[in-house]
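Data first, discussion second: the structure below is written as structure tokens.
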């Protein structure tokens, strides 16, 4: 029984989930865009990634906060 609503779009959905399947698919697609961009341009900051991919800075930062993306401190990798 679908009684709850998606936290993102408000669509009715399974109450055991936080977001609906459509929003989940959109998140996965945006994550892939970001990941592909960062692989090509590894020293990019969140604003550069957002401008190149169209994904909001807040969503990029959310991916970083939840551990989907990691930040590498360039100073610790210099020799």
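In this note's numbering, the protein residues as written are 23 to 101. Just so you know, even glycine gets a beta-carbon here, dropped at the ideal spot from N, CA and C.
Can you look up residue i in the DSSP assignment and give me helix, strand or coil?
| i | result |
| --- | --- |
| residue 49 | helix |
Mind checking whether residue i and residue j have CB atoms under 9 Å apart?
| i | j | result |
| --- | --- | --- |
| residue 76 | residue 91 | no |
| residue 31 | residue 40 | no |
| residue 62 | residue 45 | no |
Tell me the residue span of the alpha helix (DSSP H) that contains residue i.
| i | result |
| --- | --- |
| residue 75 | 68-75 |
| residue 83 | 79-87 |
Residue i: which of the options sits nearest, CA to CA?
| i | options | result |
| --- | --- | --- |
| residue 58 | 46, 72, 38 | 72 |
| residue 67 | 34, 93, 84 | 93 |
| residue 38 | 26, 48, 47 | 26 |
State whether the region 36-55 contacts the region 69-83, with contact taken as three or more CB pairs (one from each stretch) at a distance under 8 Å. Counting Cβ pairs under 8 Å, three or more are found: they touch.
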